[in-house]
Structures are given as C-alpha cells and as structure tokens.
Amino acid sequence: MSNRIPLITRRPRIAMAGATGRVGSALTGPRAWTMRQIAEHLSILLGRTVTYGHQSREQQRAALSADGLAPLVADLLVGLDQMFRESALEETTSTVEALTGKPPRTLQQWLVENIEIFRNDARP
Numbered sequence: 203m204s205n206r207i208p209l210i211t212r213r214p215r216i217a218m219a220g221a222t223g224r225v226g227s228a229l230t231g232p233r234a235w236t237m238r239q240i241a242e243h244l245s246i247l248l249g250r251t252v253t254y255g256h257q258s259r260e261q262q263r264a265a266l267s268a269d270g271l272a273p274l275v276a277d278l279l280v281g282l283d284q285m286f287r288e289s290a291l292e293e294t295t296s297t298v299e300a301l302t303g304k305p306p307r308t309l310q311q312w313l314v315e316n317i318e319i320f321r322n323d324a325r326p
C-alpha cells in the first residue's frame, strides 16, 4: 500500500466541463503523491519543516467536527481519506492532456502558485 493520491487542480476540470460530451472521464494529475512527499515540497517552498501526521479515523472525524463540519460531511471526508490511504484512487490517466492538448499542472507548479495559502495558515 503506497498511500498515493493523483491530485488535479480545478482548471482542467473547468476547461473540459461539458465541452466533450463525454460522461465519466477519470481526470487525474500526472503523478500520484504521498502526503509525506507533499509535506517535503511544502517544506522546501516555505523554508521550514512541514510534517504529515497520520490521524486515526476517530481523530480525524473529531477534528473535522470541531471545525464545524456537519457529521455527514465529516464522515464523507473521513471515508475519502480512507480511500486515499488504501491507494484506491492511485491510478493516473492521460485524459486531461488528451482532451485539452495540454498536460495538467504538476503538484510543484500548483504549490508555487498557491504557496501564500500555506504561508498564511495560522494552524500549528
């Protein structure tokens, strides 16, 4: 089990919405990443150590509830995270490039473009 996620940004999804007439295309980023790999990239960009700490399902549900999420939403997110942990969604596709003619942005590109989100996050 590698715990990888093939992240994709909204841009390709928005660009393709309704344009193809196709239903059910799997859209992914170009590579699947572990949370620890993402933390390593954030550490480099932020100039400080970022770590990923695994939480149990119960801990995660409690944290989401404490942030004000409805129980149903918290349960859905916990279930989605479990799928990521089990690498159930690890497969990557070339669908974005096939439909748009351009490869999807990489994780590194997205992090550079959005680093202020992480720089300004007040959470520990």
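203 is the number of the first residue of the sequence shown in the numbering used here; add one for each residue after it.
All residues carry an ideal CB built from backbone N, CA and C; glycine is no exception.
Test item: CB-CB of leucine 247 and leucine 301 under 9 angstroms | Taking the sequence shown and counting its residues from 1, the one referred to as residue 247 is at position 45. Taking the sequence shown and counting its residues from 1, the one referred to as residue 301 is at position 99. Taking 9 angstroms as the Cβ cut-off, leucine 247 and leucine 301 do not qualify as a contacting pair.
Span of the alpha helix (DSSP H) holding glutamine 257?
-> As a first step, residue 257 is located in the sequence shown; it is residue number 55 there, counting from the start. Segment: none, glutamine 257 is in no alpha helix (DSSP H) and carries neither H nor E.
Tyrosine 254: CB within 8 angstroms of a non-hydrogen atom of the ligand ADP = As presented, the structure is devoid of all ligands, the ligand ADP included, so that no description of it is given.
For the candidate residues Ser227, Thr236 and Thr253, whose alpha-carbon lies nearest to that of aspartate 283?
-> Translated into positions along the sequence shown, residue 283 becomes position 81. When each option's Cα is compared against that of aspartate 283, the closest is Thr236.
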